[in-house]
Amino acid sequence: MKIIISSVSRLILSYIKYILAITMISTIGTSAIADTNESIYLNCENNYARITDHYVSSNYNVRTRKFLDHNKIKSYTENFITFKISEFSNNRLNRNNGNWLWGKNILRTCVKIEFKDLPTENTGGKLF
2 MKIIISSVSR LILSYIKYIL AITMISTIGT SAIADTNESI YLNCENNYAR ITDHYVSSNY
62 NVRTRKFLDH NKIKSYTENF ITFKISEFSN NRLNRNNGNW LWGKNILRTC VKIEFKDLPT
122 ENTGGKLF
């Protein structure tokens, strides 16, 4: 009887160690990646934009609180962020003065805001 209890207890302890090892190994990478949602929000003359690591997002939808258009960043330099709008069109965002440029034309001027400053829908909903 003593041998059976000791064998069963060793078996249970070995499985517990195995499960703990698997959970520890699987959670090592998740805590490092959990807080990488660093986004910069811009107010560009009543148009809103978000800059993440790889995309410039625009066309903010107030009801869903999501950005609908995502444009891939081509280059991120000291003075400009260049991103692709279409196949043949590149826009630039001047990091010094906030001008959104298309070629040499200034499309709009942007100001940095916080996420909480993005517009929200009325609590009353639709009025008509």
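Mind the numbering: the sequence shown is residues 2 to 129 in the working numbering, read in order. Every residue, glycine too, gets a C-beta built ideally from N, C-alpha and C.
The residues N80, in chain order, have a CB closer than 8 Å to that of N97 in the same chain once the five nearest residues on each side in sequence are set aside. Closest in C-alpha terms to V63, from the list I86, N47 and Y77, comes N47. In this structure S59 is buried. Its beta-carbon is surrounded by 16 or more other beta-carbon atoms within 10 angstroms.
Annotation for L102: R93 place their beta carbon closer than 6 Å to its own, counting only its chain and skipping 5 residues before and after. Taking the CA atoms as reference points, N123 sits about 35 Å from N106.
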